[in-house]
Each structure stands twice: as structure tokens, then as C-alpha cells.
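The numbering of the sequence shown is the numbering used here, which starts it at -17 and goes up by one.
We put the CB at the ideal spot given by N, CA and C, even for glycine.
Worksheet: one structure, shown below.
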Amino acid sequence: MISATTKIAKIPSNRSIYSEGEHNPTIESLLNGATNGMKLNDSLNDSTPKNYLDMLFSLAKTDHQESIELLQNLSCSSGEIAVYSQDLLCKLIARENETSYEAACSVRSGCQVLVTQYSSGIITDEVLNTHPKLLLFAASKIKGDEGKVDTTPSLLVKSKIEAFNRKKIKPQWWLDIKLENGQFSTPKPDDIKDKDYLVEKLNLLEDGACQFRAALVIKYAKQDWLTADKAAILHKIEDSTDPNQKPISDLVKQSICDALNDIINIVGLNVPAQFKDAFEEEHFAENIYTETIQSKHFNLYSRAGIEAAINKDSSTEQEKYFLDLLTDIIGQKLVKALSIPLSSKENKAYAVPTGNHYNLIVPVDYFSKTQTM
-17 MISATTKIAK IPSNRSIYSE GEHNPTIESL LNGATNGMKL NDSLNDSTPK
33 NYLDMLFSLA KTDHQESIEL LQNLSCSSGE IAVYSQDLLC KLIARENETS
83 YEAACSVRSG CQVLVTQYSS GIITDEVLNT HPKLLLFAAS KIKGDEGKVD
133 TTPSLLVKSK IEAFNRKKIK PQWWLDIKLE NGQFSTPKPD DIKDKDYLVE
183 KLNLLEDGAC QFRAALVIKY AKQDWLTADK AAILHKIEDS TDPNQKPISD
233 LVKQSICDAL NDIINIVGLN VPAQFKDAFE EEHFAENIYT ETIQSKHFNL
283 YSRAGIEAAI NKDSSTEQEK YFLDLLTDII GQKLVKALSI PLSSKENKAY
333 AVPTGNHYNL IVPVDYFSKT QTM
């Protein structure tokens, strides 16, 4: 007796997968399994859901329409079958495993229909909110699009993408992939799979202490640091109770010294004459730290903060440029000194710098309810 898996595997591209009629029992079981939360490696007839899905993928990459449609329908359910179906659709869009351009386009156009037509009752906004990869597939660029008639998604598809983009909580891959004019760059399936976890943006207070606050939140995964006042942050900066770790205050002072050395020795700028006395003092870094951080002003990253610390004003463009560059390099040095990740490639929780300010992106489950400072 020939197995159902073998039957699917041997179906030619011009033949229906519903070879036993509209209600093929194997496919019916697969659909029911997806609805009922069946695992990929559970027993299904004479095989497993994963094997059936792999066979469908083999057909789909040759632009077998029914196989593509079935994978799309399965991807709208929940559980392992839905997730794996989405993974396979992503491979089709990315044209992996020798997928034809026509097959990738069929996936894209099919998903465009899914996300814009509700008459069938298959897709709702709630489904799109929990299955945003359908939006990705509906609006992805495909290798081979070059020179074709306009392949940008419709205004309705773009509106669905814009609506999801406004959400506070999104999968990390959504933040990583390039989205321009309502169209995504061609996805890399492994990256989409690895970054398929939900994150949210946390806006930090704009009080000058955001870089330290970001470092403390990421390091300790404690929500209290999000709103800690400057006194609490300063206390942590100057904490020297751990014999195996330098106080953060020492790292700040070293960053100030290193930044000045970089300007002189790497950038090749001389200290402006008016500032020489201040920067040639033996303890200039400690003086700047005292006036900008220890004072709780937390204005180390601004030209005005350095001017106040050295008791000098910038009167020329050269002097202004020098201090602006110094504060910028100090900030860069502290990113490394405080081990602040700046992308999801470095850490699941990371800081997002905008000018002199930092906000955070963290997984939705990053904090536990019991954690305190």
C-alpha cells in the first residue's frame, strides 16, 4: 500500500493534491491537527505533520498553487503547524531550495489576498496582529523583481502594515528588516526565525542620565531602573562594594581621559588655547566628572556641561567643535565601558541612541514582577 506521504510527494505540478476528492482525508487531518494544536512530530495517519508540510513545500516551490494555498491556510492557525508553515512560506519568498520566481510571486500575491479580503472569514485583524509574517510575505521584495512591472504592494496592504507598525509591541524581526515605502526587503528565513520574539520600546526619561539608566536596566533586568531618580543612579555609579568590579565612576573618568587622547592622537586636533590650562590639569577628568555627574546635573554629554565643568565658554567655532566632538567620543567610550548593546545582534535587550538620548528595546518578558533594585 502506498503511503499518503508518498502520494503527496509524487503528485506532479499539474495535478491536484486533492486526488481523492475535495475532502482528501490526509489534508483534512492536517487541517484539523493545526486547529487542535497538534505537534509537528505527532503521529498523523502514517506519518507526521512535519513530513506532510515538507512534501507540500517541495510541491509549492514549483508553483503548485494548491500546495501554496494550503500552506497559507495552515499558517493562519496556531501552534507548531502554523509556525512551521510560516517558516516554509518565508523560504518560498526568499527563493531558497531552488524555489522558482513564479512560486515566490504566488506566495506574495496569495498573502496580499489573505490580508485584504475578509469575505472568506479566514483572516481578521486579530489574526494579522498575531501573525504579522503574513504582512511580511504580502509586501516583500523578491529576487527577480528587478525590471518587472511595479511590484509594490497595494495601498490597502500598506495601510495594514502601517497600522501594525504603530503598535508598541512587535516581533524583533520587524524592527530589524528594512521597511521602505510599505515594502520589506527580501527576508532571510534564518534571521526571521531567530528574531521571532516580541519586544517593546521603553522611552527613558530625558534628564541626562538616560545612558546610565539604559546600562543599569539591561545589566540587571530590573524595571525600577527605568524611573530611578538621579540620586539612586549616582549611588550605583559610585558603588564600590564589589571588589571584583571597578565602580562605574572610574569608568566614566577613564572614558573622559581616553576621549581627549583620541581627539589629540587619532583625530589630530589640538586642544584650543583657551582650554589648555583646564585639560592639562592632572585631575581634569575627575574635575569634569565631579561637575557633571557627581553634581547630579548629568550634563556630561553636552558642550554646556563641559563648559561649566572647566569654567570656560566656547567663543569660536573651533572651540565649539572641539567640545562637541569630546562629548560625542565620551559617549561612545561609555557605550563600550558600560557594555551597552546597541542592536539585537548583541543582545535581546538593547539601547537605541537618538542624538544624545537613549531609549530601550526589550523582550516583553524581560522583567519579572519580583525584581527590585
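Under the DSSP definition of a beta bridge, E182 partners with I151, V344. Comparing alpha-carbon positions, the option among E128, I9, I312, A85 lying closest to V234 turns out to be I312. Distances from the CA of N338 to each of Y271, D189, P254, K43 were compared; the closest alpha carbon is that of D189. Of L342, T168, E62, the smallest CA-CA separation from W207 is found for L342.
Each of E162, T272, W155, R195 was checked against the Cα of D178, and the nearest Cα belongs to W155.
By the CB criterion at 8 Å, F266 and T274 fall outside the cutoff.
Contact between S122 and I75 holds: their C-beta atoms lie close to 5 Å from each other, under 8 Å. Judged by DSSP in its simplified three-state form, P31 adopts helix. Taking the C-beta atoms as reference points, L96 is found nearer than 8 Å to Q54.
Taking V253 as reference, the option from K302, S231, Q276 with the minimal CA-CA separation is K302.
Following the DSSP letters along the chain, one finds T134 in no alpha helix (DSSP H), marked with neither H nor E. Within the same chain, and ignoring the five residues on either side of R90 in sequence, the residues whose Cβ sits closer than 7 Å to its Cβ are I75, F119, A120, S122, I124. Less than 8 Å divides the Cβ of I151 from the Cβ of L180. Residue ranges of uninterrupted alpha helix (DSSP H) with 4 or more members, entirely inside the stretch 8 to 94 and ordered along the chain, are 31 to 42, 47 to 57, 62 to 75.
Contact check between the stretch 190 to 201 and the stretch 164 to 173: fewer than three CB pairs, one atom from each, fall below 8 Å, which does not count as touching. Within its own chain, the residues whose Cβ lies closer than 6 Å to the Cβ of I200, once the five positions on either side in sequence are excluded, are A331, listed in chain order.
The three-state secondary structure of H339, taken from DSSP, is strand.
The DSSP-derived three-state label of L161 is strand.
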